[in-house]
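Beneath this line is the structure, given in structure tokens, with notes to follow.
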Ligand SMILES: Nc1ncnc2c1ncn2[C@@H]1O[C@H](COP(=O)(O)OP(=O)(O)OP(=O)(O)O)[C@@H](O)[C@H]1O
Ligand SMILES: Nc1ncnc2c1ncn2[C@@H]1O[C@H](COP(=O)(O)OP(=O)(O)OP(=O)(O)O)[C@@H](O)[C@H]1O
Ligand SMILES: [Mg+2]
Ligand SMILES: [Mg+2]
Ligand SMILES: O=P([O-])([O-])[O-]
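Residue numbers (the numbering used here), protein chains in the order written: chain B, 1 to 464; chain Z, 465 to 702; chain G, 703 to 940; chain S, 941 to 1362; chain D, 1363 to 1630; chain U, 1631 to 1898.
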């Protein structure tokens, strides 16, 4: 039986268990003579509880089976290999196994492989069939036993609701753990690889070195030739582009938000606000494309010459400007929220004293919203630093240590992408350096977010 | 604006409270009125038993006064009445005191009736007693009735009536003096009649007070210490 | 718990209002007290001018009564007093009426003084008048003083004093009867003394009432129609 | 001086500042909108031509002998037949070519795919065997580029056309044998090195499968987590950590999730590269915080008074959640989810790191077939040197933006529809 | 004046013979902060008791401990014996769900569910399975609305949203919803403070009627309201129950100087 | 009872001889809906006038039209003559900024700016340029806080945030802020409805003191409050000004039956 069929059957069984439980509780309650009021809980809960008894063990079993099924089968198969093959190194055995898999799935014409492999393939097929059938049987038994236990437990005094609620709560809790696991996952993955990296390249060199050229490695086994891993140019490049972006986004975003929330009439607002927010919904890859094909050439061919400057075709300016545009709605909608959270009563208070609108905004609304706005801006900075696609497409790859916006710089994210795209060896310094960069990026954005969120939270508590 | 809508509060409890207050007061008024009737009759007919009855009722009236007063205080404390409700409570509180005083005076008349009974009657004054007694009794009745109906016209009549009573009292008093001078042995007995007359006059005054409270209640005007004509002018003016 | 803190409201306006109320009342008390002193003196010394003065003050007292009453009503309407504040306002309102009645009686005494002055004095009763007069005057003074100081002890004394006055009044009354019987020509003049005595007795009663209001104000106990010993028992019990 | 006089004295200056401030605001909005218009007009201007393709009309003689076909229903014969040669032959005949060097030039006018096109035509019209027909064949991308720009540039622009080719094209133009037709390939095919044969279907399907995985995993889990955190979790150090964690994750750069995917799913679990399943998992982890946060906001927006009300008449926690909180929060949650998914759909960087950046020609048919995604396709194409690819990239962007706009519109509609403000 | 006064014992008459709920030695803490200090109090059967006191004195805290609504606040801890007809409501074995059906609650802000009027009232009976047939449910809904004095106003639009009613009607709807599960006690936390005077009067009216067969404890900031609606009044001060007495007594002649000071507006 | 009664003319004494503000034939519309119907009213100089009436009768609307705070609502339109000392405040040539400096406003919810106490009070003088030197400003701040009865409570922490004060203190701070620009009139819209009784009493106290040289118009839901603080009371009903009279008169013997009904709680 295929897994989907099994699942469908399981669902049906659970439904049946539910109905059985519910009906039994009703029967039991009418036996007490007090009708439904004689029951501790509504019949629904007895049904749910029976369903839980039926479904939970079965589902756990199914999950375990699916996880370990392959491993067990594989062990048995390898066990069936001739002695010689069993002694082979791990990788080779893996290779053999995939051959067996392929034979089993019929990808190879018959009879072209060694006999033991043929045999193994047949065995594989057989084992898999047995496994599925066994699974179906075991599942059937589990559901039956579970349902019976649940069914037996039903009595008017049985506190079914409390039990069901506890189960419900545990499921919810498990779900909320995923967030923690994600973070742990990120930290572990980034840190482990980074540690590997720092074993090869001293952390000081990475942090303070001013030369970055991971590509110099010619041959992987060549000692000491794995390039230069001084990440300072990357950091500077990242900061430069972020700075350009923020100097576009902050004034424009903030003033737009102020105008929209304080001056604009309702009609203007209903049309313009979503229009600006479209900017936020555009995927970054689109901005990247725009930066490459439109903005960068414009800067190189028109803008820079106008100023009598010379611009690289992958100038930091192009990437920064476009990134700034992308961040405008981010800043403006965060500021808008924050500004709107300032109670109308404060504005009334100020207007009631005879202040003009702009005075009210500058002296009351803005200061009141400032912590929130700062938080929002920091989040925007964090976003600029972590932004990838625009820079990957529009900024260069050359790690120049410069703050000239007309020159080409590279950023941390660009390097991560370039280093990791394509097949990579997980133990070369080149690949690992991507994780070290990732670690840096994670730490910096985490710190920024942490602080920004703290500020925003403190701010929002102010008006609760 | 002339009508008081004391039974139209959103709070039915308040309606009931006010209604109860008025009923209590009118009941007490009834008791006092009966006291007055009985006392006058007792003195006229030299009926000692009737006089005794009047004396016995006295306690009841006192208790009613205290209960009614407490009720007023409670309404003031619990309901914070305003406008007509407040005037109602205050008018009842004041009327209450007047009724109690009327009861007291009836009590005194009854005492005089007993004394006269023992001493064997006065040489005269019974006509005056009967006359003034019935006048006062009418006043009291009218005043209570006016209160029950919030009738300012009737209240005004009571006020006017009091003037007549006062006049009759004056002349009765002169008559009594004559009796005493004519027959000094009757002084003691005539004095009793005088005290009774005096009490009746006071009852009339209190009835007038009640009438004034009614005017205050309905019109919000304080017409105490104001001559009748002045009162009428004020009422028409408002 | 015995102290009333009528000057400790958060609302200074309320403090001021209550203070003003009390002052108004005490002032009126002062006026009435003076009226009584003057009236008694006028009758004793056959001082027509003094009696006239008393008559003239009457109007002032009436006005004060009406104003004080209005003030009480206003406080009730504007402040919704509760507990001691409410008792204060009610006590003042009741005392107000008693004071006005005292003024009325003083007025009557003054009238008698004028009559006596014209008729040429009574054969006797002046000693009693003086005696009871000073007693009553002392009672009134004490009652007002007790009110000013919220002094329950003093109020109790007033209540007790009233009993003495009543006793003295009885005996004075008998004496007056004798005078009348002895000399029927003096009846008219003695009657004036009798009315004066009677007024003094009523003033004493009203002073007692004031004392009862004080007890109500301070202790929250209604001690009307209750014997003195009973009152003392209740006070100690509370 | 009286207060009011002082006030009046400063008035003019204050009003000047007011006007200036307002102008700044308006200018900022203008700038934002200008950028938007620029971007859109730029993309559309570049991309709209990709939706049509240049075709050439050629006279072809379906000579049964030359092709060696006797029965058009015989797939083996059809397969073996040399349609490519037929195309070349027809071209030679059409342009009357003798010189060897000219042959190559002539051949390069049509798409490399032309043989297959003839094959398909014959399959569709068996009766054509042995006859001579004028058929429309796909032009090569260079010709396509040239032809599309020929009107604007008045012949000055030659692109990569040679002298000789220009002559032929002139000839073709005179015979009305060049024509723009709707670009079906763009929507039907996968990637190709030949621009005229490159399509977004594979990428679109890849995106679809990835998104499906993301949706199925992230919405229920996100909502459940949000419910737990808002309704159940006690306020303690641990839940604080979870909370801070989630908020941080939402702001962590997406590329970090790519690193996570590369290290954990590929490195640790040994999953295959380029799978929508893996992409979906990575994007799930990436959107989960967003969904949790918007769901929590939606739950928070349910007034606590509702909970208290339910609780005070004896509803249990679960009943409070399922009967009151969830229904009221659902519009917000759905909107949040759609917006989160839209974000995931536009995401490129993490997919690059887990290898969904492959050259995929075949249309994937499930979550475990190697695939790429639409934004990645855009990224790949944007790097290609051919001019036609720039056009295709813009067109793909238009498609992507179209989908995103539809999704966002859906979110708005959904919110409007479900949000019953009682 | 306030400082010298002791208030660790309650003056007046906190205990009753026919108590519906009895509290003995109740302490409530928010984390380490004690909000209620050893309160002894009986709530008489089918009586209205008003809890009054300055802001933050713990009225709401005390009230909410009577049906364990405090459970929802993590840091809140209740000590002492709180009995509903002799049963300890903080017994760990006791299930709060049926408790809350017996001891209902009405809140400061009217909080109808965003459902129809009918569904609002029917919710309680539904979750507690009080009506097996639709017709029974209809009957419960109607009678609850009747009792809440709302039936005539809404009978033509039972399926209109409950949130569309005016503030006062909403509050009465909330009361109807509470009545629908036939509670024995209703706790009200400033039920009228969001209503205008007219709506307030109607709710007070309702309270008077309900108290004929339901025990009611009401927290109110308005002394006047306490005076109007309650039979007994309990005065809290900084977490202490200072005085409990008949309402008449409290409002004309309170025993404790603190009560007097509060009633007459003498705090500062 | 209510229906038969006409209320298109105001009973009582709406007009005065020494008016600070005079309104004649004021109509206010929200889009097409008329919220105020031809109101004639004078506000006496240095008097406290209370505006009372059922919810939604237009009290706030009327009040806010007195310093053109209604301008902030787009759909709101005011007709008629509203004069401040003979000057039409809706004159198109008139500037609202100085007008609002002359006619200040205090709102229902205390709304101190999230700045220090000092800056809150100094805000008005600063924007209007009332103090050229720091020392002048200090003086204005101190005297305003003095007048608002807050100086002693805050003088040691002038630079602590205003939002850290208690509700009642915040409201008094808002009043101090308003006083700081020496307004001639202060409008108050339910200034105590968010405060507890004690804080309310303090604000009422303050109103009494301010009225010695400032004209005050106060909207209140609490009739008792109107009775306590005002010298005159205006009763609104469905947008009509039904009665204006001395407060004593209104609360002991109102002229109009609607006023009577409202004062004594007889609406239904
Ligand atoms: N959730 C909570 N966490 C911590 N402390 C609390 C909490 N709720 C109340 N308190 C504190 O407990 C005390 C009593 O609060 P409670 O709300 O019971 O007062 P209250 O008398 O109802 O006041 P109010 O009249 O303002 O409603 C206060 O000091 C308050 O600060
Ligand atoms: N911004 C607005 N837009 C439309 N109508 C409004 C607006 N503000 C008030 N109204 C309407 O104007 C009328 C009067 O409202 P207003 O707020 O002045 O009443 P109010 O007497 O202050 O009531 P409350 O006592 O509830 O504050 C009401 O019917 C209200 O619905
Ligand atoms: Mg509370
Ligand atoms: Mg309003
Ligand atoms: O009580 P009086 O003396 O007025 O009869």
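We put the beta carbon where it would ideally sit given N, CA and C, even for glycine.
Asked                                                                                                                                                                : Found
Thinking C-alpha only, which one of 87(B), 285(B), 327(B) and 201(B) is nearest residue 244(B)?                                                                      : 327(B)
Going along the chain, which unbroken runs of the alpha helix (DSSP H) with 4 or more residues stay wholly within the region 1721-1801 of chain U?                   : 1726-1732, 1747-1758, 1764-1777 and 1781-1784
Within 10 Å of its beta-carbon, does residue 1123(S) have 16 or more other beta-carbons around it, so buried, or fewer, so exposed?                                  : buried
Taking the Cβ atom as the reference point for each residue, do residue 1031(S) and residue 1046(S) lie within a distance shorter than 8 Å?                           : yes
Could you name the residues whose beta carbon sits closer than 5 Å to any heavy atom belonging to ligand 5, keeping them in chain order?                             : 565(Z), 666(Z), 803(G) and 904(G)
With distances taken between CB atoms, is the gap from residue 578(Z) to residue 600(Z) smaller than 8 Å?                                                            : no
Between the Cα of residue 477(Z) and the Cα atoms of 1404(D), 1571(D) and 1622(D), which residue gives the shortest distance?                                        : 1571(D)
The alpha helix (DSSP H) that contains residue 876(G), what's its start and end?                                                                                     : 854-884
Measuring only the C-alpha atoms, how far is residue 77(B) from residue 57(B)?                                                                                       : 29 Å
Just to confirm before moving on: does the CB-CB distance between residue 1340(S) and residue 283(B) stay below 8 Å?                                                 : yes
Taking 8 Å as the CB-CB cut-off, is residue 222(B) touching chain S?                                                                                                 : Confidence at residue 222(B) is low in this model, with a pLDDT of 48, below 50, so the placement of that residue should be treated as unreliable; the coordinate-derived value is given next. Output row for residue 222(B): interface = no.
With C-beta atoms as the reference, is residue 1582(D) less than 8 Å away from residue 1414(D)?                                                                      : yes
Can you find a CB in chain U that lies within less than 8 Å of the CB of residue 960(S)?                                                                             : no
To the nearest angstrom, how far is it from the Cα of residue 999(S) to the Cα of residue 1023(S)?                                                                   : 14 Å
When you compare each of 1860(U), 1828(U), 1796(U) and 1697(U) to residue 1652(U) by their alpha carbons, which one comes out closest?                               : 1697(U)
Could you check if residue 1789(U) is buried or exposed, using at least 16 other CB atoms within 10 Å of its CB as the buried criterion?                             : exposed
Going by the C-beta, is residue 1555(D) closer than 7 Å to any heavy atom of ligand 1?                                                                               : no
Taking a contact to mean a Cβ-Cβ separation below 8 Å, would you say residue 1331(S) touches residue 1265(S) in this structure?                                      : no
How would you label residue 218(B), buried or exposed, when you count the other beta carbons within 10 angstroms and need 16 or more for buried?                     : Note that residue 218(B) has pLDDT 48, beneath the 50 cutoff, so the model's placement of it is unreliable and the number below is only indicative. With fewer than 16 Cβ atoms within 10 Å of its Cβ, residue 218(B) is classed as exposed.
Mark residue 812(G) as exposed unless 16 or more other C-beta atoms lie within 10 angstroms of its C-beta, in which case mark it buried.                             : buried
Please compile the residues from chain D whose C-beta is within a distance smaller than 9 Å of the C-beta of residue 466(B).                                         : Because chain B in this structure spans residues 1 to 464, residue 466(B) falls outside the shown range and cannot be described.
Taking Cβ positions only, does residue 172(B) come closer than 8 Å to chain D?                                                                                       : no
At what residue ranges does the region 1524-1612 of chain D contain a whole run of the beta strand (DSSP E), taking only runs of 3 or more?                          : 1547-1551, 1577-1581, 1594-1599 and 1602-1608
With distances taken Cα to Cα, identify the nearest neighbour of residue 1348(S) among 1285(S), 983(S) and 1321(S).                                                  : 1285(S)
Would you list, in sequence order, the uninterrupted alpha helix (DSSP H) runs of no fewer than 4 residues that lie entirely inside the region 1367-1402 of chain D? : none
Roughly how many whole angstroms lie between the Cα atoms of residue 668(Z) and residue 1873(U)?                                                                     : 39 Å
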